[in-house]
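Asker: Read in order, the letters of the sequence shown are residues 665 to 1039 in the numbering used here. Just so you know, even glycine gets a beta-carbon here, dropped at the ideal spot from N, CA and C.
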Amino acid sequence: MYREDSYLASLMIGAYVYQMQSIEMGVLQIEPTDICNLRCSMCAPHHEGWEQIHAVPKGVMDMDLYEQIIDGLANDGACFDHIIFQWLGDPSLHPELPRMLRVAGERLGDNVNYLRVDTNAIRLPPKRMDALLDAVSPGVPLLIVFTIDAHSPEVYERVKGVDALERVRANIRYLIRRRKLLGTALNIQVQFVVQDGNAHEAGDFLQYWSDLLGCQGGETWHDEVMFKRLSVGGGCEGQAAADRLYEDTMQRFKIKAGTMRGVHVDVWMDRPWQEDDGHQGNRSACPGLWLTPVIRHDGALMMCCADLRGELNLGSLQDNSFETLWNGEAATRIRVDHLRGKFEGVCGSCGGINWYETTEVMRQSALDRAVELGL
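#1: Using a Cβ-Cβ cut-off of 6 angstroms (strictly less than) and excluding sequence neighbours within five positions of His943, which residues of its own chain qualify?
#2: Less than 6 angstroms between C-beta atoms, sequence neighbours within five positions excluded: which residues of the same chain meet that for Met725?
#3: If you measure between the beta carbons of Met689 and Asp745, is that distance less than 9 angstroms?
#4: Label Val691 either buried or exposed according to how many other C-beta atoms from any shown protein chain fall within 10 Å of its C-beta, with 16 as the threshold for buried.
#5: Using C-beta distances below 6 angstroms, list every residue in its chain close to Leu955, excluding the 5 sequence neighbours before and after it, in chain order.
#6: Touching or not, the region 874–890 and the region 920–937, by the rule of three or more beta carbon pairs under 8 angstroms?
#7: Applying the 10 Å Cβ sphere with the 16-neighbour rule, what's the burial state of Leu1039?
#8: From what residue to what residue does the beta strand (DSSP E) around Tyr1020 run?
#9: Where do the ends of the beta strand (DSSP E) carrying Gly922 lie?
#10: At the level of alpha carbons, what is the spacing between Pro762 and Ala795?
#11: Excluding the 5 residues preceding and the 5 following Ser686 in the sequence, name in chain order all residues of the same chain whose CB lies nearer than 6 angstroms to its CB.
#12: Please return the same chain residues whose Cβ sits closer than 8 angstroms to the Cβ of Asn835, not counting the five positions on each side in sequence.
#13: Using a threshold of 9 angstroms, state whether the C-beta atoms of Val800 and Ala849 are closer than that.
#14: How is the beta strand (DSSP E) around Gln693 delimited, first residue to last?
#15: Lys1006 to Arg908, Cα distance in whole Å?
#16: Assess, as a yes-or-no matter, whether the region 987–994 is touched by the region 747–755 under the definition of 3 or more beta carbon pairs within less than 8 angstroms.
#17: Is the beta carbon of Gly898 less than 9 angstroms from the beta carbon of Cys1014?
#18: How should Gln859 be labelled, buried or exposed, when 16 other C-beta atoms within 10 angstroms of its C-beta is the threshold for buried?
#19: Residues in the same chain with beta-carbon distance under 7 angstroms from Ala1030, minus the five sequence neighbours each way, listed in chain order, please.
#20: Quick check: Leu807 and Arg842, are their CB atoms within less than 9 angstroms of each other?
#21: Nearest by alpha-carbon distance to Pro721: which of Arg1033, Asp1032, Arg973, Glu993 is it?
#22: Starting from the Cα of Arg703, find the closest Cα among Ile812, Gly922, Asn777 and give me that residue.
#23: Where Asp971 and Gly963 are concerned, what is the direct C-alpha to C-alpha distance, given to the nearest angstrom?
#24: At which residues does the alpha helix (DSSP H) containing Asp735 begin and terminate?
#25: Under a three-way DSSP split, which group does Ser1055 fall into?
#26: Short check: CB of Leu981 to CB of Met967, under 9 angstroms?
#27: Taking the straight line between their C-alpha atoms, what separation do you get for Gly979 and Leu965?
#28: Helix, strand or coil for Leu845? Go by DSSP, reduced to three states.
#29: Return the CA-CA distance between Asp934 and Val896, expressed in angstroms with no decimal places.
#30: I'd like the ranges of any alpha helix (DSSP H) spanning at least 4 consecutive residues and lying wholly in the region 859–911.
#31: Am I right that Asn1045 and Pro805 are in contact with their C-beta atoms under 8 angstroms? What's the rounded C-beta distance?
#32: I need the boundaries of the alpha helix (DSSP H) containing Ala994, first residue and last residue.
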């Protein structure tokens, strides 16, 4: 069974990398493209071949628009823990990805702790890996998250939809070697989303990547092997079973949070959703409405990374500033609705993210803003 929100399993790591506290705004996602070259079984939009993913035709972000958005964020003084270059596609398919990183590092370097790219690495041969290394700005580390989810070629093809594991490994090995030679401030995470088709390979996956990263990096860089729970429809029927599989797999292979050869091993101890088919009735205002803005490839500012169908569209950053939209009437109404226990549209069918916290300061700021706007 393929659930559209199952794709969220590949998004939910921001709160776990480095264990940093957010500066002001949490995590910003920028979507270079919503086109993908895989058909992952966990990702309904691409597995099922949706023509439109989030209410607009698929596309690639225009670079003039991108630079306008980055300059606008800088002028607004917008601050984030980090910026993720990815949402519903693979950013490596954008021909100007290295330039995007360089521009963000140069113009927003004082506003973020680091930049991050989530990719399958298929379209990152040595020449493009060199370009990514060259794009790292001084004082702004880059984290590259490689979504792999398999140890053997057979399981990779089953889970990801194509036969490409050897190419992926070769590309990543090259990057690891070049990083060591150049000493670039680039950290690596390899991730494994536990599901029915790959759970039996979790132990081998950990051994392979901890050995490789430990040999070539060790304490010099902050490298990670991440094991993640599968998200089923944002906490829909089947979530409890997916959680049990995850917990059983971690226990079976004795995988725990810690370090192996200087490589950090990360596991999800907490459930990703406030409410799901195994835990009902505890839903509260979703912190994502305050902490996880997303910029779609056409420049639209979206309110949540869980909104695959594009319902929470606040407007275009081509015509408005980030500050105007993020603190505007539409966003404030949605936040106040959540504070009153009113969950409609995409929020009504979601369990509410559970990897951040809606603080009292956040609650009060929404209420104060509502008063200012006369709501």
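Answerer: The short version:
#1: Here the set comprises nothing.
#2: So the list reads Pro696, His961, once near-sequence residues are dropped.
#3: For Met689 and Asp745, yes; Cβs fall inside 9 angstroms.
#4: Under this definition Val691 is a buried residue.
#5: These residues qualify, in order along the chain: Gly690, Tyr1020.
#6: With contact defined as three or more Cβ pairs closer than 8 angstroms, the region 874–890 and the region 920–937 are in contact.
#7: Under this definition Leu1039 is an exposed residue.
#8: It is not in any beta strand (DSSP E) - Tyr1020 carries neither H nor E in the DSSP assignment.
#9: For Gly922, the enclosing beta strand (DSSP E) has its first and last residue at 922–924.
#10: For Pro762 and Ala795, the gap between their C-alpha atoms comes out near 6 angstroms.
#11: Its pLDDT being 34, under 50, Ser686 is placed unreliably by the model, and the measurement read from it follows with that caveat. If the five residues before and after Ser686 are omitted, its C-beta is found closer than 6 angstroms to the C-beta atoms of Asp745, all from its own chain and listed in chain order.
#12: So the qualifying residues of the chain are Ala785, Ile786, Leu788, Pro789, Pro790, Met793.
#13: Yes, Cβ-Cβ distance for Val800 and Ala849 is below 9 angstroms.
#14: Run containing Gln693: 691–694, per the beta strand (DSSP E) assignment.
#15: Within the model, the alpha-carbon separation for Lys1006 versus Arg908 is close to 30 angstroms.
#16: When Cβ pairs closer than 8 angstroms are counted between the two stretches, the region 747–755 is seen not to touch the region 987–994, the count staying below three.
#17: The Cβ-Cβ distance between Gly898 and Cys1014 falls below 9 angstroms.
#18: Answer is buried; the Cβ neighbour count reaches 16.
#19: So the qualifying residues of the chain are Thr996, Arg999, Val1000, Leu1003.
#20: Taking C-beta atoms as the reference points, Leu807 and Arg842 fail to come closer than 9 angstroms.
#21: Comparing Cα-Cα distances from Pro721 to each of Arg1033, Asp1032, Arg973, Glu993, the minimum goes to Arg973.
#22: Looking at the Cα atoms, Ile812 is the closest of the given residues.
#23: The alpha-carbon atoms of Asp971 and Gly963 are separated by roughly 16 angstroms.
#24: Following the DSSP letters along the chain, one finds Asp735 inside the alpha helix (DSSP H) bounded by residues 727–740.
#25: Only positions 665 to 1039 of the chain appear in the structure, and residue 1055 is not among them; the question remains open.
#26: Result no, Cβ atoms of Leu981 and Met967 do not sit closer than 9 angstroms.
#27: The C-alpha of Leu965 is placed about 6 angstroms away from the C-alpha of Gly979.
#28: Residue state, collapsed to three classes: helix.
#29: When rounded, the separation of the alpha-carbon atoms in Asp934 and Val896 is 15 angstroms.
#30: DSSP runs (the alpha helix (DSSP H)) wholly in the region 859–911: 866–880.
#31: Residue 1045 lies beyond the range of the chain shown here (665 to 1039); nothing can be said about it.
#32: Boundaries of the alpha helix (DSSP H) harbouring Ala994: 993–1003, taken from the DSSP string.
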